[in-house]
Every structure is written in C-alpha cells, then in structure tokens.
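The structure appears below as structure tokens.
There are 2 protein chains.
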Amino acid sequence: MPAKKSAKIEKADIPRKTVYRLSIYSRCLQRLLENGIKTVSSEALAGAAGVKSPQLRKDLTYFGQFGTRGLGYDVEQLIKMISDLLGTTHLQPVVLVGVGNLGRALLSYRGFAKEGFDIVAAFDVRAVQVEDMRVTQPVYSMTELRQFVEQNLVRMAILCVPPEEAQEVSNDLVEAGVTGFMNFAPTVLQVPDEVTVNNVNLAIELENLSYFVGH
Amino acid sequence: MPAKKSAKIEKADIPRKTVYRLSIYSRCLQRLLENGIKTVSSEALAGAAGVKSPQLRKDLTYFGQFGTRGLGYDVEQLIKMISDLLGTTHLQPVVLVGVGNLGRALLSYRGFAKEGFDIVAAFDVRAVQVEDMRVTQPVYSMTELRQFVEQNLVRMAILCVPPEEAQEVSNDLVEAGVTGFMNFAPTVLQVPDEVTVNNVNLAIELENLSYFVGH
DNA sequence: AAATGTGAAGTTGTTCACAGCT
DNA sequence: AGCTGTGAACAACTTCACATTT
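Chains as they are written, first to last, in our numbering: chain A, 1252 to 1466; chain B, 1252 to 1466.
And the structure:
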C-alpha cells in the first residue's frame, strides 16, 4: 500500500530540525510562563531560543496559525500545542537496554522524568541489580525483554549495548513493538521505514568539538 | 582584523556535517583495519557508514585527494588523515563542570578515554569527592577552576551545571582559555565568535523521538 | 575495467520582504 | 502601528553523471 502523495502537509513533510526546535521553544516558553509573561512576539521568543524570527514563524506555521497579528503568541496556548504535538502531555514509558557504564549513568540521571519520560525498566544479559541508591529501576534479564515491552506497550527504547549486539537487540525490540530508538551504540542500525532511530554519540560530539577548537 | 576571504577552502567553508561524518568514517575504518582489510572503495565504506558513495567522496575531497582511481582508499592512511584532522592523534585534556546526576554519570563513563579524550578534573560549587569507585577524577571547588584551566592549557569543557549558572561559568572558562564547549545545560550560551559550542540535550533527543513515534 | 574526483543539477532548509490582520 | 503569515529569493547541502586516472 504505497502512501498517496497529497498537497497537505503531513508528518513526513516537516523538517526534522523544525521538530527539534519545537522542543527548544517549549523550554523558553516555560521560562516565560514562570515569570508570569502571558504573550510573546516571534522576535522575543526567537531571540531567547537563539534563532531568527522568520525561522520561528515558519516553524510554527507548519502546524497551523497560533499567533495574533499585531500582538504575538499566547504563551500558555503555544506550550499546550507543542506538548500535544510532541506527545509529552502524558508520561511515556521507555526501556533501557544495556546496563554498562553509560547505561547505569543514564538510569541514575533524573533529567528524563522531568520532561515526561519514565524509564520503567532496564535489561542486560547479566540481570544483576545495580548496587547504587540512585538507580531505582529494576534490571531484568534479556530473555524477559520481549514480553515486558509487549505487555507494557512500550514504544521507545534507549540502546546502550555494545555495537556487536545492537542490531540483534533492536530487531527483537522492533518485533515487540518498539518504533523509536535512542541509539548510543556506535552502529548504523538497519530498521524498517516506520521505525525512527536517533543516534547519539557523545564521543563523536567531543571529536567534532576538537576539530573546531584546533590543535 | 577581518578575515580575508580566499578561494582556497578553509575550516569555515567545510560543512559541519562533513566533519561529523568524518568521525563516523573513522570508526568504520577502524573496524575494517581490525579485520585485516587494507583497501576500501567509497561504495563499501559509504555503505558501512550509512551514507551514499558520492557523499563520502565529496566529504573527503574537501581535505585533499586520498584515493587511487580504480582501486579505492588505503584504510590506514585514511584513518591517519582523519585523526590528524580531528586532533585525536594525541590525548586531549578536558574539564567537566557541574557534578550533579549527569555530571557524575559522565565522569564514570569510560567511553571518552578510548577516543582520545581525558577528563582530567571536575569542578563543582560543592567540592565533595564522589564516593563512587568508578569515578577516579578529582573534584575541585569552582574557585580553582580558572587557575587549573590556565595551568593545564585545557581547551575543552563539558558543562553540566544548572541552566542559571551556565552562562556565568562559560564566561569564566572562556577567559581562562577554553574555546570549545560540550553544553548539556538547556541554555543558549552567548560566546565570542572564535568559541564553539556543541549543545547536547538528551531530553530533547527523546522528545524528538516521541514525535516520530506518535501517540 | 574499476573506482575516484568534480562540475552541474537537484533538493532541502533558511532568510527576506511585504501583504494582510488585529 | 505592530506583528504575524507566507510566497519568493537565497544559501547550504546532497546527489548525479561522467570525465579522468590507474
């Protein structure tokens, strides 16, 4: 069943970067709201987010018209529309696979919970509980991964396994119903079209910096 | 002193994405080398890196001509040229500022050392040593930051402080000689032109995924 | 014959300029 | 008058096609 092309803008037509910037706008708006600011112009919000104002306006109009000419945007309304769009209105369950150094590190990181994501369980070939008070999630054996994902309707997974295992683990997860990966393994994952992979590689990020810093 | 524009390709003319892909190519080449493969075609290497072959060739020719027509690229030579270029031939000192959850997590992560970076020290307003066996770096008080950076000629910093403090800390670091930041704080840093900032926000990365996964 | 290097074409994303609301 | 929404111009990046070299 090939998708029909239409003139209407659909998910696929929206630049990935636009979606990314939405998250940034959302954080800036949150700050404004905390300071009791009710309305903001594209100029001001763009400044806070580090982009130019036409960029911001174009980004928003991919999704509709939210501003009032001569006035600006309603802060609260914009926040609502962005979180609806990103799916962060409700807490989302996430599993983490691979409890090595990085995996443990991410499990103890409290930054996800604040943004609407809940790492509900971790999995590793060695299902030993982490003896760290800051890690509260249960660590299960790999053999339980599929069943857990299916039963809890988990759609997103954080992959921190060694590169050799990444492809196999992701295959299992996809079969169990996962459609989004945050992949920390330095591997190019082969996945079906409907599955999204966000590769994150901290070492590459540093290397990149190193180039611009010079030596 | 405005920079003179020239026809020759200089650092600024090279797409950021190209530099980023260089790191990916490097990792693929490393694997080839480990498997005893001496020569590789753009087609094969591009496949492994998840890009198209003209992309790879164009990326490389920004820096010179490294291939042999009819044959391909010499694996070892390419690795050498990329690491020279990225500045990862020699171990580089990095400081980490802000030893909260994420900071601690990154300190215990061994992935940087393998790629040529050495987190030599950490700094925090509360200079308490981390009682975690996996964290081996000393944690100093913020007041010692400037002197340490100057004396050890540190050029790169990993910022994990709360957003309110990020700007001030980065000002200090820039004055002390840091020209590259890996910024984990959800803030748009204002820095001089010659300073590079790589923003990394794991929560945004997850939010982004959430959008594509749907709900 | 095989595979690189590259100008030109194509695609995607950004910025501008201004028409059109409020 | 002020500020959004948007088509058109612009810039950046990617892909193609093929001439060139080994």
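Even glycine gets a Cβ: it sits at the ideal position worked out from N, Cα and C.
In angstroms with no decimal places, state the Cα-to-Cα distance between residue i and residue j.
i         : j         : result
Phe1314/B : Leu1404/A : 48 angstroms
Arg1406/B : Ala1436/B : 19 angstroms
Arg1308/A : Val1302/A : 11 angstroms
Arg1397/B : Val1291/B : 46 angstroms
Val1352/A : Gln1281/B : Per the sequence shown, the amino acid found at residue 1352/A is Asn instead of Val. Distance between the alpha carbons of Asn1352/A and Gln1281/B: 22 angstroms.
Ile1409/B : Met1433/B : 5 angstroms
Asp1375/A : Thr1394/A : 9 angstroms
Pro1253/B : Ile1333/A : Confidence at Pro1253/B is low in this model, with a pLDDT of 37, below 50, so the placement of that residue should be treated as unreliable; the coordinate-derived value is given next. Cα to Cα, the separation comes out at about 41 angstroms.
Arg1385/A : Ala1427/A : 29 angstroms
Cys1279/A : Lys1331/B : 43 angstroms
Asn1449/A : Arg1320/A : 36 angstroms
Ile1310/B : Thr1447/B : The sequence shown places Asp at residue 1310/B, rather than the Ile named in the question. One C-alpha to the other measures close to 21 angstroms.
Ile1288/A : Leu1457/B : 27 angstroms
Gly1431/A : Ser1421/A : 10 angstroms
Ala1417/B : Val1371/A : 30 angstroms
Gly1318/A : Lys1262/A : 21 angstroms
Lys1268/B : Ile1455/B : 20 angstroms
Arg1377/B : Arg1361/A : 19 angstroms
Val1442/B : Leu1283/B : 40 angstroms
Leu1329/B : Glu1382/B : 42 angstroms
Gly1444/A : Thr1312/A : It should be noted that the sequence gives Asp, not Gly, for residue 1444/A. Cα-Cα distance, rounded: 27 angstroms.
Gly1298/A : Asp1264/A : 26 angstroms
Gln1402/B : Ala1373/B : 15 angstroms
Val1464/B : Ser1392/B : 43 angstroms
Gln1316/A : Val1425/A : 36 angstroms
Glu1419/A : Ala1300/B : 18 angstroms
Phe1473/B : His1341/A : Chain B is shown only over 1252 to 1466; residue 1473/B falls outside these bounds and no answer can be derived.
I need the boundaries of the alpha helix (DSSP H) containing residue i, first residue and last residue.
i         : result
Ala1417/B : Pro1414 to Ala1427
Val1270/A : Arg1267 to Glu1285
Val1480/A : Absent from the model: residue 1480/A. The displayed extent of chain A is 1252 to 1466, so no value can be given.
Ala1356/B : Asn1352 to Ser1359
Thr1312/A : Ser1304 to Thr1312
Val1464/A : Leu1453 to Val1464
Leu1396/B : Leu1396 to Gln1402
Leu1322/A : Careful: Leu1322/A lies outside any alpha helix (DSSP H) and carries neither H nor E.
Leu1296/B : Ser1293 to Ala1300
Since residue i and residue j are thought to touch, with beta carbons under 8 angstroms apart, how far apart are those beta carbons, to the nearest angstrom?
i         : j         : result
Thr1387/A : Gly1367/A : Between Gly1367/A and Thr1387/A the Cβ distance is about 18 angstroms, and since that is not below 8 angstroms, they are no contact.
Ser1359/A : Leu1337/B : Not quite, the Cβ-Cβ distance comes to about 30 angstroms (not below 8 angstroms), so this is no contact.
Val1429/A : Val1390/A : That belief does not hold up - the Cβ atoms of Val1429/A and Val1390/A are roughly 18 angstroms apart, past 8 angstroms.
Gln1343/B : Asp1369/B : 7 angstroms
Ser1293/A : Ser1304/A : 4 angstroms
Val1270/B : Asn1459/A : 6 angstroms
Just to make sure I have the definition right: I need the residues of chain B whose C-beta is within less than 9 angstroms of the C-beta of residue i. Which are they?
i         : result
Val1270/A : Glu1458, Asn1459, Tyr1462 and Phe1463
Met1407/A : Leu1457, Leu1460, Ser1461 and Val1464
Phe1317/A : Per Cβ cutoff of 9 angstroms: no residues; Phe1317/A is ~17 angstroms from chain B at best.
Gly1338/A : Glu1458, Ser1461, Tyr1462, Val1464, Gly1465 and His1466
Determine the chain A residues that contact residue i at a beta-carbon separation under 8 angstroms, and present them in chain order.
i         : result
Tyr1360/B : Asn1352, Leu1353, Ala1356 and Leu1453
Met1384/B : Chain A residues near Met1384/B: none, gap ~11 angstroms exceeds 8 angstroms.
Gly1301/B : Val1439
Does the beta-carbon of residue i, which I'm using as the reference point, lie nearer than 7 angstroms to any heavy atom of the ligand ATP?
i         : result
Ala1417/A : In terms of ligand content, the structure shown is empty, and the ligand ATP therefore cannot be addressed.
Looking only at C-alpha atoms, which of the options sits nearest to residue i?
i         : options                                       : result
Leu1453/A : Asn1459/B, Ala1356/B and Thr1269/B            : Ala1356/B
Glu1327/A : Leu1424/A, Ile1455/A and Asn1286/A            : Asn1286/A
Pro1414/A : Ser1392/A, Leu1440/A and Gln1380/A            : Leu1440/A
Leu1296/A : Gly1323/A, Val1270/A and Thr1312/A            : Gly1323/A
Asp1423/A : Val1348/A, Ala1364/A and Met1384/A            : Val1348/A
Val1451/B : Cys1279/A, Ser1304/A and Ile1275/A            : Ile1275/A
Arg1272/B : Thr1438/A, Glu1445/A and His1466/A            : Thr1438/A
Pro1266/A : Gly1298/A, Leu1284/A and Gln1306/A            : Gln1306/A
Val1350/B : Asp1335/B, Val1379/B and Lys1365/B            : Val1379/B
Cys1411/B : Gly1354/B, Asp1335/B, Ala1299/B and Gly1298/B : Gly1354/B
His1214/A : Asp1335/B, Glu1419/B and Gln1402/B            : Past the edges of chain A, shown from 1252 to 1466, lies residue 1214/A, and the structure says nothing about it.
Give the residues of chain B in contact with residue i, contact being defined as C-beta atoms less than 8 angstroms apart.
i         : result
Ala1372/A : Going along chain B, no residue has its Cβ under 8 angstroms from Ala1372/A, so there is no contact; the nearest lies around 16 angstroms.
Thr1447/A : Leu1460, Phe1463 and Val1464
Phe1363/A : Leu1453, Ala1454 and Leu1457
Gln1306/A : Chain B residues near Gln1306/A: none, gap ~14 angstroms exceeds 8 angstroms.
Gln1343/A : Ser1461 and His1466
Name the two residues that bound the continuous beta strand (DSSP E) containing residue i.
i         : result
Pro1344/A : Gln1343 to Val1348
Asp1375/A : Phe1368 to Asp1375
Gly1431/A : Gly1431 to Asn1434
Met1407/A : Met1407 to Leu1410
Val1390/A : Val1390 to Ser1392
Thr1447/A : Thr1447 to Asn1450
At a CB-CB cut-off below 7 angstroms, which residues of chain B make contact with residue i?
i         : result
Ser1274/A : Ile1455, Glu1458 and Asn1459
Ala1297/A : Near Ala1297/A there are no residues of chain B at all, since even the closest Cβ is about 11 angstroms away, more than 7 angstroms.
Thr1430/A : Val1464
Just the chain A side, please: which residues come within less than 9 angstroms of residue i by C-beta, in chain order?
i         : result
Phe1368/B : Ala1454, Leu1457, Glu1458 and Ser1461
Output, in chain order, the set of chain A residues within a Cβ distance shorter than 7 angstroms of residue i.
i         : result
Pro1437/B : Arg1278
Met1433/B : Glu1456, Leu1457 and Leu1460
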